[in-house]
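>
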Amino acid sequence: MMLVLGMFVFQLQTLPYQSLQRDVDYRWPANNRIGLRPLPQFLGVNEEKITLSGVLLPEITGGKLSLLTLNLMADQGMVWPLLDGSGTIYGLFLINSVSETQTEFFSNGMARKIEFTLTLTRVDDSLSTMLGDVNSWGEGVLNQAGGLVNQAAATAGGLFA
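Under the working numbering, think of the first position of the sequence shown as 38, with each following residue one higher.
1. Would you mind working out which of Val135, Leu93, Met38, Ile97 sits nearest Asn108, comparing C-alpha positions?
2. Which word fits Gly72, buried or exposed, when buried means at least 16 other C-beta atoms lie within 10 angstroms of its C-beta?
3. Taking a contact to mean a Cβ-Cβ separation below 8 Å, would you say Thr106 touches Phe45 in this structure?
4. At a cut-off of 7 Å, is Pro53 close to the ligand SAH when judged by its beta-carbon and the heavy atoms of the ligand?
5. What's the call for Arg159, buried or exposed, on a 16-neighbour Cβ count within 10 Å?
6. Could you give the first and the last residue of the continuous alpha helix (DSSP H) run that contains Ser103?
7. Report buried or exposed for Pro53, applying the criterion of at least 16 other Cβ atoms within 10 angstroms of its Cβ.
8. Can you tell me where the beta strand (DSSP E) with Val135 in it begins and where it stops?
9. What is the rounded straight-line gap between the Cα of Ile132 and the Cα of Gly91?
10. Taking C-alpha atoms, which residue in Glu141, Gln113, Glu152 lies nearest to Phe130?
11. Ends of the beta strand (DSSP E) at Leu80?
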């Protein structure tokens with residue numbers, strides 16, 4: 038597995054990309070000052086985009102069905118979590134565009150080579166807002182585990198009484 042967008046897995050059999058480009062823009066508007074240079078002020082992250090591109094050879098790799106799946110995901114107008122094979126969570130992304138160029142055709146008109154580009158835009162504020170407060174989540178898990186231990190102890194004690 039190379040990457041997962043929602044339930045779509047990028048791998049050799051589906052859509053193996055050859056390049057992943059990540060662009061993050063930051064907002065730095067300048068405030069004019071009398072007699073001095075303008076002073077930039079940091080307002081935060083503006084936009085984060087990921088562009089995947091590659092070449093499909095339908096005899097070896099994925100093909101039209103994989104691209105159709107991504108088009109259907111984009112048609113739904115939903116956002117999807119994006120994770121890579123090493124476990125890195127990129128965030129929640131929407132599909133901006135899916136483009137393809139077909140070349141080198143078989144006699145039946147099917148393409149031997151499909152070049153594709155997929156553009157994604159991040160929509161969540163941060164991983165902490167997406168995943169929640171990890172500390173409170175951990176406390177909740179510990180409380181549930183403690184309750185299960187107490188329940189198991191009471192059940193086991195009742196068996197020996």
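Just so you know, even glycine gets a beta-carbon here, dropped at the ideal spot from N, CA and C.
According to the data block:
1. Val135
2. exposed
3. yes
4. Although the ligand SAH was asked about, the structure shown includes no ligands whatsoever.
5. buried
6. 101-112
7. buried
8. 126-142
9. 16 Å
10. Gln113
11. Premise fails: Leu80 is in no beta strand (DSSP E) and is neither H nor E.
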